[in-house]
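Everything in the sequence shown is counted per the numbering used here, starting at 5 for the first residue and increasing by one. Some notes on the structure that comes next.
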Amino acid sequence: MGVALLVALGGPAVFAVTPATAADQPGIELTKEVVGGPFRTGDQVTFQLTVRNTGDVPLARVTVADPSTPGCAQSRVEPLEPGGVWGYGCFAAAPDADFTNVATVTARPPAGRRVEATASAAVDVIHPGLALEVNGPKTARKGETTDLTLTVTNTGDSPLWGVKTVDPNCARNFGKLEAGASKTEKCTFTATESIDKTIRANGADGTNRVVVASAEQHLTVINPGLSLTKKMAGGPFRVGDSVVFQVEVANTGDLDLTDVKITDEQAPECARTIALLLAGTSQAYPCAMTAKEDTEAKTLASAIVQEDGKPLSSAATSQLDVIHPRLDLVQEVTPKQLYPGGEVTVELKVSNTGDVPLTDVQVTGGPSCVFELAELAPQATEARTCTFVAEQDVTSKAAATAVDPLGGKVAKTADDVEIDVLGPGITAKLTGPVKPVNPGQQAALVVEVTNSGDAVLTDVTVEDPLTGCAAEIGKLEPGQRHEVPCEFTMADQDLVYFVKVVGTDPLGGEFHSTDELMLRAAKPGLELTKDADVAKVAAGATVTFTLTAKNTGNTVLAPVAVTDPTLAACDRSFEALDPGEARTWTCTTPAPSSGELSNTANAKASPDTNGKAAELTDSDTAVVQVGGGAANQSGGSGTPKQTAAKSLASTGVDALPTVAGGLVLLLAGAALVLVSRRGQKHVN
Numbered sequence: 005m006g007v008a009l010l011v012a013l014g015g016p017a018v019f020a021v022t023p024a025t026a027a028d029q030p031g032i033e034l035t036k037e038v039v040g041g042p043f044r045t046g047d048q049v050t051f052q053l054t055v056r057n058t059g060d061v062p063l064a065r066v067t068v069a070d071p072s073t074p075g076c077a078q079s080r081v082e083p084l085e086p087g088g089v090w091g092y093g094c095f096a097a098a099p100d101a102d103f104t105n106v107a108t109v110t111a112r113p114p115a116g117r118r119v120e121a122t123a124s125a126a127v128d129v130i131h132p133g134l135a136l137e138v139n140g141p142k143t144a145r146k147g148e149t150t151d152l153t154l155t156v157t158n159t160g161d162s163p164l165w166g167v168k169t170v171d172p173n174c175a176r177n178f179g180k181l182e183a184g185a186s187k188t189e190k191c192t193f194t195a196t197e198s199i200d201k202t203i204r205a206n207g208a209d210g211t212n213r214v215v216v217a218s219a220e221q222h223l224t225v226i227n228p229g230l231s232l233t234k235k236m237a238g239g240p241f242r243v244g245d246s247v248v249f250q251v252e253v254a255n256t257g258d259l260d261l262t263d264v265k266i267t268d269e270q271a272p273e274c275a276r277t278i279a280l281l282l283a284g285t286s287q288a289y290p291c292a293m294t295a296k297e298d299t300e301a302k303t304l305a306s307a308i309v310q311e312d313g314k315p316l317s318s319a320a321t322s323q324l325d326v327i328h329p330r331l332d333l334v335q336e337v338t339p340k341q342l343y344p345g346g347e348v349t350v351e352l353k354v355s356n357t358g359d360v361p362l363t364d365v366q367v368t369g370g371p372s373c374v375f376e377l378a379e380l381a382p383q384a385t386e387a388r389t390c391t392f393v394a395e396q397d398v399t400s401k402a403a404a405t406a407v408d409p410l411g412g413k414v415a416k417t418a419d420d421v422e423i424d425v426l427g428p429g430i431t432a433k434l435t436g437p438v439k440p441v442n443p444g445q446q447a448a449l450v451v452e453v454t455n456s457g458d459a460v461l462t463d464v465t466v467e468d469p470l471t472g473c474a475a476e477i478g479k480l481e482p483g484q485r486h487e488v489p490c491e492f493t494m495a496d497q498d499l500v501y502f503v504k505v506v507g508t509d510p511l512g513g514e515f516h517s518t519d520e521l522m523l524r525a526a527k528p529g530l531e532l533t534k535d536a537d538v539a540k541v542a543a544g545a546t547v548t549f550t551l552t553a554k555n556t557g558n559t560v561l562a563p564v565a566v567t568d569p570t571l572a573a574c575d576r577s578f579e580a581l582d583p584g585e586a587r588t589w590t591c592t593t594p595a596p597s598s599g600e601l602s603n604t605a606n607a608k609a610s611p612d613t614n615g616k617a618a619e620l621t622d623s624d625t626a627v628v629q630v631g632g633g634a635a636n637q638s639g640g641s642g643t644p645k646q647t648a649a650k651s652l653a654s655t656g657v658d659a660l661p662t663v664a665g666g667l668v669l670l671l672a673g674a675a676l677v678l679v680s681r682r683g684q685k686h687v688n
C-alpha cells in the first residue's frame, strides 16, 4: 500500500491511501473548506467537508474524525461507491487566534487494509481595533480661529476600510488604514462657545463590521476684552503748547486683567501700569505732552491674559494739528552813509512764513515808518517804503506783530541798520625843534596827521613840497593818528614851514588841513663889560668894579661863566641867560701902593640850540690909576684912566723912559681891547 499526496489548485490538501495490490484499487479523498472569513473570536465558523471515493471498489464504514472541531466528526452508514461523493457542513466557534483545522477520513474496502485521507482548513481570526487622538488648545478666545488635529490609528491586526470621523466641526475621511498605521487630519474652526464633547471615529473590518473609537474634546472659550480711549482737549496747537488728554482704560471682557501697561512714545506722561483691572471696570486719568509737530499721538494698552498666556491690547490715537505761525521782517535802508540833512529811504517787507493766516499785522520801522494789514495769508509778502531826513547817526529799528488763529501774538524784529551820518575831519599838526637851529645843521620835523572825524578816511596824504615831508598814509580810522618824520637843513634865516594833509571820506568827499611852524636860525651872542667906579684912587683905597654879562643873541646861553684871574671875588656863573637878558654884579679890591690897577674879566657861554654850537667868549678890562695921597677921581665906564706914574721896583733901569714906554703900550692895548671886544659879540 502506498500514500499519494493530491493537491487541488486553490483547494484543500487531500491525502489518499491506496492498496498495494494491483487487482483492487481502493482510494479515498477528503477536502475541508472554510466558508467565509475572516472571523472574530467567537464567530461561528462553517466548514464544508467532502469525501470522494477515488478507487474502484466500494468503501464501507466511511468515518471522518476532527479532533479540533468535534462537531465536524461524522460516520456514513451506507457504503460509498466508487466515484461517489459524500459531503456535509459543520460549525465551530472561532477561537482567540488563527488556527488550522485538520480532519481525517477512514474507510474499509472489500478486501485489504483500510484507506484514509486527511484535509486541513485555515481559519483567519482577526482582532480589529481603532484609536482616535484629539489634540487642540484647551482654551481659546471667543471668535478666535482654532486648529484641531485628529489622529486615527489601526490598533488591530487587520486592515480597516472607510475610516472616518464624525463631528459637526471636524468630519474627515481617512480611507483604508492598514494594521498599525496612523493618519492625521487638521480641522480649523471658529471658537464661539466652550466645548465639552466626544468625537467619534469608525471603520469597517474584514468581517464588514464597524470598528469604532472616540476621544474627548474639551475647549474653554474665554472672552477677555480691553478698551482704550484717548480724548484730546482743544486744538490746534502751537509748537511748545501743552496738549492735555483724558485717557480711559476699560476691561470689557469676562476675565480680570493684571499688570495692564499703558505706553505712549509721543506722550510719555500718559504711561501707566495698572496692577489689577477687574472685569467690567475701568480707570481714567489725565495726562499731557508738549506740542512739537503735526503727529499722531498713539497710546497702547496691553496685558497678558493669564488663562491663555497670550497678549491683549488696545490702541487709541489722537491727531495733533500743530500750527506754525511765523513772521519774517526785512528792512532795507539806503543809503547807509550820508552827510547831515540827507534823505534816507527805508523799505519794510513783512512775510507770513508760517502755515496759517495772520491778522492785525502791525509793522513799524525807521523813525516814522508805520503800516497795518488786516490779514496776511500764509507765504504772502507785503512791502512799504518811507523816507526821513538824517541829521546825525541813527539806528533804524523795525518790528512786526500779528495775531495767529489761536489768538496768540507773533512778533518779529528785523536786524537793526546803523545809518552813519558822516562828520569827517582831518587835522595836521607840524612839530619841530623848539630851540633855534644852527644854520647848516639837520633837524627833525614831524607831521602828525589825525582823523579827527567819525568816518574812515582813505587816500590820506601829506603834501609838503618845501621840506620833502610828503607821504602817502593811506587809511585812517576815526581817532587814529599817524606821524610822518622827516629832516631838514637849517638856512641862515628864520623860516616858516607849511604842510597840508588831505583825505577822502567814504562818500568820496575830500577833506584837508594845514599847519605851519616858525623855525628860527640860531644867532647866539655874548657881551661882558667891566668898569671901575673911579679912574684914579689913592693907594690902599677900595676900588669897586661893576661887571655885566649880557645875552645879545636869540638863543638861550647855558651855562654862563665869568672868571677874573686876578680878582676871584669878581667870578660868577649862571645856569642860563635868556636872549636879551643881562646880569650885573660888583666886586671890590684895595688899590696897590702905587702904579695902576688893571683888572681883566673873561666870560664864556654855551648856546642852547637844537644842535651842537660853538662856545662863545668875551672879556673886558678896567684900569685905575693909583697916586700917593691923591684924591679919588671918577673913572670912565671901564676905559683906562690916567693915573700918576708909579715907581717900579728897583731893577737898575731909569724909570722915566720905562714909564713913558709903558703908557704908550697901555694906550695901544686899550685901543686893541675895545676893537677886539666889539668884534667878538656874535659867533655864527
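In this text, a Cβ means the ideal position worked out from N, Cα and C, and glycines have one as well.
Return the CA-CA distance between residue i and residue j, expressed in angstroms with no decimal places.
{"i": "residue 457", "j": "residue 428", "result": "4 Å"}
{"i": "residue 263", "j": "residue 145", "result": "20 Å"}
{"i": "residue 337", "j": "residue 409", "result": "32 Å"}
{"i": "residue 381", "j": "residue 331", "result": "11 Å"}
{"i": "residue 54", "j": "residue 163", "result": "32 Å"}
{"i": "residue 167", "j": "residue 68", "result": "44 Å"}
{"i": "residue 502", "j": "residue 619", "result": "32 Å"}
{"i": "residue 95", "j": "residue 126", "result": "14 Å"}
{"i": "residue 617", "j": "residue 435", "result": "22 Å"}
{"i": "residue 358", "j": "residue 245", "result": "16 Å"}
Assuming residue i and residue j make a contact with CB atoms under 8 Å, what is their CB distance in whole Å?
{"i": "residue 153", "j": "residue 135", "result": "Rounded, the Cβ-Cβ distance is 14 Å, inconsistent with contact."}
{"i": "residue 577", "j": "residue 605", "result": "Their Cβ separation, rounded to whole angstroms, is 13 Å, which puts residue 577 and residue 605 out of contact at 8 Å."}
{"i": "residue 316", "j": "residue 228", "result": "5 Å"}
{"i": "residue 327", "j": "residue 365", "result": "No, residue 327 and residue 365 are not in contact; Cβ-Cβ is about 16 Å, not under 8 Å."}
{"i": "residue 543", "j": "residue 630", "result": "5 Å"}
{"i": "residue 530", "j": "residue 551", "result": "That belief does not hold up - the Cβ atoms of residue 530 and residue 551 are roughly 13 Å apart, past 8 Å."}
{"i": "residue 593", "j": "residue 607", "result": "Rounded, the Cβ-Cβ distance is 19 Å, inconsistent with contact."}
Could you give the DSSP three-state label for residue i: helix, strand or coil?
{"i": "residue 75", "result": "helix"}
{"i": "residue 611", "result": "strand"}
{"i": "residue 273", "result": "helix"}
{"i": "residue 125", "result": "strand"}
{"i": "residue 62", "result": "coil"}
{"i": "residue 574", "result": "helix"}
{"i": "residue 84", "result": "strand"}
{"i": "residue 265", "result": "strand"}
{"i": "residue 473", "result": "coil"}
{"i": "residue 92", "result": "strand"}
{"i": "residue 9", "result": "Any reading at residue 9 must be qualified, since the residue scores a pLDDT of 35, below 50, and its modelled position is unreliable; the value itself is stated next. It is a strand residue."}
{"i": "residue 349", "result": "strand"}
{"i": "residue 369", "result": "strand"}
Closer than 7 Å by C-beta to residue i: which residues in its own chain qualify, once you throw out the five before and the five after it? Chain order, please.
{"i": "residue 334", "result": "353, 418"}
{"i": "residue 173", "result": "191, 193"}
{"i": "residue 25", "result": "Note that residue 25 scores a pLDDT of 48, beneath 50, so its modelled location is shaky and nothing firm can be said."}
{"i": "residue 584", "result": "555"}
{"i": "residue 291", "result": "249, 251, 271, 273, 274"}
{"i": "residue 413", "result": "405, 407"}
{"i": "residue 300", "result": "321, 323"}
{"i": "residue 177", "result": "168"}
State yes or no: is the C-beta of residue i within less than 8 Å of the C-beta of residue j?
{"i": "residue 102", "j": "residue 66", "result": "no"}
{"i": "residue 121", "j": "residue 156", "result": "no"}
{"i": "residue 566", "j": "residue 601", "result": "no"}
{"i": "residue 460", "j": "residue 482", "result": "yes"}
{"i": "residue 426", "j": "residue 510", "result": "yes"}
{"i": "residue 548", "j": "residue 518", "result": "no"}
{"i": "residue 389", "j": "residue 350", "result": "yes"}
{"i": "residue 35", "j": "residue 123", "result": "yes"}
{"i": "residue 63", "j": "residue 113", "result": "yes"}
{"i": "residue 478", "j": "residue 488", "result": "no"}
{"i": "residue 526", "j": "residue 611", "result": "yes"}
Can you find the residues in the same chain that come closer than 8 Å, C-beta to C-beta, to residue i, ignoring five residues on each side of it along the sequence?
{"i": "residue 340", "result": "421, 422, 423, 424"}
Residues in the same chain with beta-carbon distance under 6 Å from residue i, minus the five sequence neighbours each way, listed in chain order, please.
{"i": "residue 42", "result": "128, 130, 210"}
{"i": "residue 437", "result": "447, 614"}
{"i": "residue 699", "result": "Absent from the model: residue 699. The displayed extent of the chain is 5 to 688, so no value can be given."}
{"i": "residue 374", "result": "368"}
{"i": "residue 484", "result": "455"}
When the cut-off is 8 Å and only beta carbons count, does residue i lie next to chain E?
{"i": "residue 56", "result": "Within the model displayed, chain E is absent; a lone protein chain is all it includes."}
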